[in-house]
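Working notes for the structure below.
Residue numbers (my numbering): 54 to 176.
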């Protein structure tokens with residue numbers, strides 16, 4: 054029994070989630086979410102320094118500051134409200150194929166974390 058537990062512990066400690074974050078630093082991406090029982094999709098283009106999002110025909114631009122290989126801050130260039138002035142922290146949790154799972158929160162409210170999945174549309 055001890056050997057089985059040891060083997061399980063050893064195997065689980067060797068498991069690591071794939072995170073090839075550098076593959077998602079630039080490109081065109083889509084994010085879909087549910088709002089009021091409807092699925093809505095946002096498309097965004099990410100360069101080394103900027104992210105330009107298109108949602109319901111409205112474009113919005115943000116500055117990207119990479120904290121590390123898998124985490125970055127987004128700050129709106131032209132915020133319309135005080136809430137939009139606050140940066141959003143985005144952390145890539147797992148990558149697979151042309152998608153990645155991430156979590157995000159406002160920098161001033163790190164306890165309210167949301168999660169989602171982004172899909173690459175093109176390079």
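Backbone N, C-alpha and C fix where the C-beta goes; we use that ideal spot for every residue, glycine too. Please read these numbers as outputs of a predicted model, since none were measured by experiment.
- DSSP places residue 138 in the uninterrupted alpha helix (DSSP H) bounded by 135 to 138.
- CA-CA distance, residue 166 to residue 122, rounds to 20 angstroms.
- In the three-state reduction of the DSSP assignment, residue 164 falls in the coil class.
- Counting along the chain, the unbroken beta strand (DSSP E) around residue 99 starts and ends at 91 to 99.
- Restricting attention to 169, 157, 152 and 88, the CA atom closest to the CA of residue 125 is found in 157.
- Of the residues 144, 112, 146 and 143, the one whose Cα lies closest to the Cα of residue 132 is 112.
- Contact between the region 132 to 142 and the region 87 to 98 is absent, with fewer than three C-beta pairs closer than 8 angstroms.
- Judged by their CB atoms, residue 174 and residue 84 are not nearer to each other than the 8 angstroms cut-off.
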